[in-house]
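Residues in the sequence shown are numbered consecutively from 1, following full-length UniProt numbering. Using N, Cα and C, we set each Cβ at its ideal position, and we do this for glycine too. In this text, all values refer to a predicted model and were calculated from it rather than measured experimentally.
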Amino acid sequence: MNRYPLWKYILILATVLVGLLYTAPNYFVDSPALQVTTSKATVKVNSDTATRVAEALKRDGIPADAVGLEGSGDSASVRARFATPDIQFKAKAALERDLNRDPADPDYIVTVNLVKNTPAWMQAINAKPLNLGLDLRGGVHFLLQVDAKAVEETRIKGVLSSVRSELRDKNIRHAGIDRVGNNVEIKFRDEATRTQARNVLAAQNADLAFSDAADGSDLKLVVTLKPAALQRVVEEGVKQNISALSKRINELGVSEPVIQQQGRDRIVVQLPGVQDVAHAKDIIGRTATLEFRVTDDTVTPGTELSAAIPLNSELFTEGAGAPVVVSKDVLVSGDSVINAVAGFDQNQRPAVNIELNADGGRKMRAMTRERVGKRMATLLKEKGKYNVLQVATIQSEFGSNFQTTGMASPQAAAELALLLRSGALSAPMEFVEERVVGPQLGAENIAKGLHSTLWGFVAIAIFMVIYYQLFGFFSVVALACNLLFLLALLSMLGATLTLPGIAAIALALGMAIDANVLINERIREELRAGNTPQAAISAGFSHAWATILDSNVTTLIVGLALLVFGSGAVRGFAVVHCLGILTSMFSAVFLSRGVVNLWYGRKKKLGKIAIGTVWNADAAAAKAAVKKG
């Protein structure tokens with residue numbers, strides 16, 4: 001009656017072993033570390049660099065647990081491990097002083113980091129420690145507001161440009177194209193031409209809506225973006241910004257960052273372990289990108305400030321290459337850049353070596369082939385303003401690989417290369433919230449969270465053993481396994497544990513023990529009804545299951561709602577909460593019954609079970625009547 005087949009015991013044993021395996025990495029504490037990387041294309045990181053780092057630390061009397069070279073080629077870096085954060089920060093100051101001859105133009109970048117001490121064989125099977133959130137590890141938190149209007153403005157400008165080029169390519173004559181608000185108005189002389197233009201534009205872009213209007217003798221075609229298209233443009237803009245931010249932060253070497261959308265047009269960025277808020281804000285918020293444009297040959301060089309500017313050209317007066325008159329049409333932008341490395345040109349001036357994708361390379365090659373001996377301008381666009389980096393004469397045809405100069409310093413070249421590699425932000429963003437959590441506060445939060453969960457578990461265990469005796473002990477075993485499974489699942493999924501997540505773990509323990517209380521009380525009821533112990537155990541687990549399932553499913557629905565609609569701390573709580581419900585249903589019912597069956601199942605003549613006092617109302621009343629008589 002109360003016996004599991006062998007495969008169920010094997011399943012329980014396997015899940016416990018897997019839980020132990022994937023929870024074990026959390027006992028390997030991360031070591032404070034420093035990562036040394038190059039800031040210049042001409043400076044390489046190799047084994048000699050590792051030797052220099054080790055010698056510099058030894059010379060300054062700073063003990064390092066290990067110093068070694070990691071990676072190869074352009075991705076090579078030197079990593080040094082230390083015993084405490086205090087030693088780590090002393091070493092950072094020493095290495096920045098010893099490795100860089102000129103602090104204003106550093107050869108190497110020294111960043112603070114943490115190194116996992118998990119054995120390699122565990123990492124090979126993806127057994128990694130829990131990722132700790134900002135409130136547990138310390139770092140910086142930013143909430144950014146994406147300028148949705150700027151995204152829409154860019155898209156509408158794109159519609160205006162595409163309408164012009166499409167009508168020009170199809171040789172459709174018009175009497176003028178103007179932008180009025182969010183609409184593009186095209187004037188025509190006759191109805192047939194207007195109809196032809198509408199058909200051509202509608203075939204090219206399904207996001208456009210068209211309406212007819214009149215202006216005196218002219219016929220107008222009003223072109224506007226559909227509301228759904230505008231909404232999609234904003235959503236795609238936020239996603240592009242998230243992608244660009246992810247690449248930028250990865251370039252900074254920040255481990256386990258959190259970058260996620262909040263609401264329609266907000267982005268949350270959390271950088272654990274980062275304390276330099278100013279530098280982080282500068283890299284995250286910059287919207288710089290390059291534009292390559294051809295110069296207007298109708299304007300004589302040197303007369304730009306006094307000359308009449310042609311309709312399809314514009315004048316720029318800022319930067320080393322200014323003043324210059326260039327075409328409004330962008331030949332190639334930063335979106336076409338697939339790699340950018342800071343370096344120096346033949347005159348040892350700061351430069352950026354650029355590699356374009358196939359489409360950008362094709363456009364550049366076609367343009368340079370036709371304009372040998374003529375000029376091309378390189379513009380840096382940042383925060384809505386243009387800076388002319390250089391105006392160069394095209395000496396020969398080139399395509400995907402070339403070099404641009406005009407940066408004020410090697411550091412500026414390195415930052416521009418970083419921004420080009422990561423991609424341009426599709427829209428400017430505003431910092432609406434920033435918060436710094438110190439590492440000491442994070443350690444205190446971890447200690448408080450662990451202590452509250454531990455003492456909560458101990459209190460539950462003491463109560464269950466006193467009140468339900470041996471069955472209480474079985475419940476405690478199941479509860480411990482539930483905690484094990486929950487931590488293992490979080491580690492396997494790569495979830496980030498936050499302070500609300502620790503609260504969800506404590507809540508999961510309370511909810512898991514509720515199921516065992518229901519089962520134990522149901523077994524007591526069966527015993528009071530006169531059933532044998534074996535029958536009471538079987539009926540108790542069977543009848544309590546429906547109640548446990550109903551209560552957990554309804555709670556799971558609420559947890560899923562928090563997971564879908566919540567963000568930040570609420571979402572972190574919901575993840576642990578939902579996983580805790582699933583693990584508690586497995587451990588409280590399946591695993592606890594396996595332990596009970598293993599203990600009592602093989603006893604054929606079972607006269608009594610240790611489940612505490614089985615109070616019987618009728619027996620108590622009869623006993624009271626006997627005493628009274």
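For residue 111, the enclosing beta strand (DSSP E) has its first and last residue at 108–115. Burial is judged here by how many other beta carbons sit within 10 angstroms of a residue's own beta carbon; residue 565 has fewer than 16 and is exposed. For the 7 Å CB-CB criterion, residue 353 and residue 395 do not form a contact. Two segments are said to touch when three or more pairs of C-beta atoms, one from each, lie closer than 8 Å; by this definition the stretch 91–111 does not touch the stretch 230–247.
Out of 312, 337, 385, the CA that lies nearest to the CA of residue 319 is found in 385. Here the alpha carbons of residue 106 and residue 497 stand approximately 36 Å from one another. Shown here, residue 346 sits in coil according to DSSP, grouped into three states, outside any helix or strand. When secondary structure is reduced to three states using DSSP, residue 16 falls in the helix class.
By alpha-carbon distance to residue 504, the top candidate from 583, 278, 467 is 583. Residue 32 sits buried, since 16 or more C-beta atoms from the chains shown fall within 10 Å of its C-beta. In the three-state reduction of the DSSP assignment, residue 577 falls in the helix class. Spanning the alpha carbons of residue 117 and residue 135 requires a straight line of approximately 22 Å. Distance between residue 312 and residue 208, taken at the CA atoms: about 24 Å. Put simply, the backbone Cα of residue 545 is about 54 Å away from that of residue 71. Apart from the 5 residues on each side of it in sequence, residue 166 sits with its Cβ closer than 7 Å to the Cβ of 200, 201, 204 in its chain, given in chain order. Nearest in C-alpha terms to residue 4, of all of 293, 538, 62, 227, is 538. In this structure, residue 25 sits near residue 128, with a CB-CB distance shorter than 7 Å.
Runs of alpha helix (DSSP H) with 4 or more residues, each lying fully within the stretch 306–381, are found at 358–370, listed in chain order.
The continuous beta strand (DSSP E) containing residue 221 extends over residues 218–225. Cα atoms of residue 76 and residue 388: separation of roughly 34 Å, rounded to the nearest angstrom. Within the same chain, and ignoring the five residues on either side of residue 560 in sequence, the residues whose Cβ sits closer than 7 Å to its Cβ are 578. At a Cβ-Cβ threshold of 7 Å, residue 507 and residue 547 do not count as neighbours. As the crow flies, the alpha-carbon of residue 120 is around 54 Å from that of residue 393.
By a beta-carbon distance limit of 8 Å, residue 572 contacts residue 501. Their separation comes to about 5 Å.
Residue 431 sits exposed, since fewer than 16 C-beta atoms from the chains shown fall within 10 Å of its C-beta.
For residue 600, there is no enclosing beta strand (DSSP E); the residue is found in the alpha helix (DSSP H) stretching over 592–600. Annotated three-state conformation of residue 178 is strand, per DSSP. Nearest neighbour of residue 511 by Cα position, chosen from 495, 542, 355, 479, turns out to be 479. Within the same chain, Cβ atoms closer than 7 Å to the Cβ of residue 274 are found at 139, 140, 254, 280, the five residues on either side in sequence being excluded.
Here residue 600 is buried, its C-beta having at least 16 other C-beta atoms within 10 Å. Rounded to the nearest whole angstrom, the C-alpha separation of residue 296 and residue 391 is 12 Å. Taking each of 169, 113, 149, 186 in turn and checking the Cα distance to residue 160, the smallest one comes out for 186.
Taking a contact to require three or more Cβ pairs closer than 8 Å, the stretch 260–273 and the stretch 289–303 do not qualify as touching. Each residue's CA atom was taken as its position, placing residue 173 and residue 191 some 12 Å apart.
According to the DSSP assignment, residue 212 belongs to the beta strand (DSSP E) that extends over 208–215.
Spatial neighbours of residue 569 in its own chain (CB-CB distance under 7 Å, excluding positions within 5 residues in sequence) are listed in chain order as 498, 500.
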